[in-house]
Every structure is written in structure tokens, then in C-alpha cells.
Amino acid sequence: NTDPVNDYQVKRGDRIAQLIIQEVVATTWQVVDELDGEDRGGGFGHSGR
């Protein structure tokens, strides 16, 4: 409802919300001095050119 004057009446069956149920994965981080030298294949978002 963006109308400051008129109320909006919610009726049965109206779609008024969205919900995404997604698993939250717990992770642990490891601090290192250097990254290993493995090739990442261009990295995230690489176009391959």
C-alpha cells in the first residue's frame, strides 16, 4: 500500500509476500600465509577469450 489516503484490504488468496527457504551452510575459515599455485582456469566470470 503506497496510498497514504486509502487503505488496502487483504483478501483470502491474495499474494502479499515472497519467501525463499534455503539451507544455511556453516563453514570454517583457515588463515594462510600464501595461496597454493593451482591454476583456477580463468577465475570467476572469465569469458574464455
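Taking this note's numbering, the leading residue of the sequence shown gets 1013, the next gets one more, and so forth. We treat Cβ as the ideally placed atom computed from N, Cα and C, and that holds for glycine. Please read all numbers here as calculations on a predicted model, not as lab measurements.
I'd like to know whether the C-beta atoms of residue 1028 and residue 1037 end up nearer to each other than 8 Å.
The residue labelled residue 1028 in the question sits at position 16 within the sequence shown. The residue labelled residue 1037 in the question sits at position 25 within the sequence shown. Not closer than 8 Å, so no.
Taking the alpha-carbon positions, what's the residue 1032 to residue 1043 distance?
For the purposes of this step, residue 1032 is taken as residue 20 along the sequence shown, with counting starting at 1. For the purposes of this step, residue 1043 is taken as residue 31 along the sequence shown, with counting starting at 1. Each residue's Cα considered, the two are about 32 Å apart.
Residue 1048 to residue 1041, Cα distance in whole Å?
The residue given as residue 1048 occupies position 36 in the sequence shown. The residue given as residue 1041 occupies position 29 in the sequence shown. Answer to the nearest angstrom: the Cα atoms are 16 Å apart.
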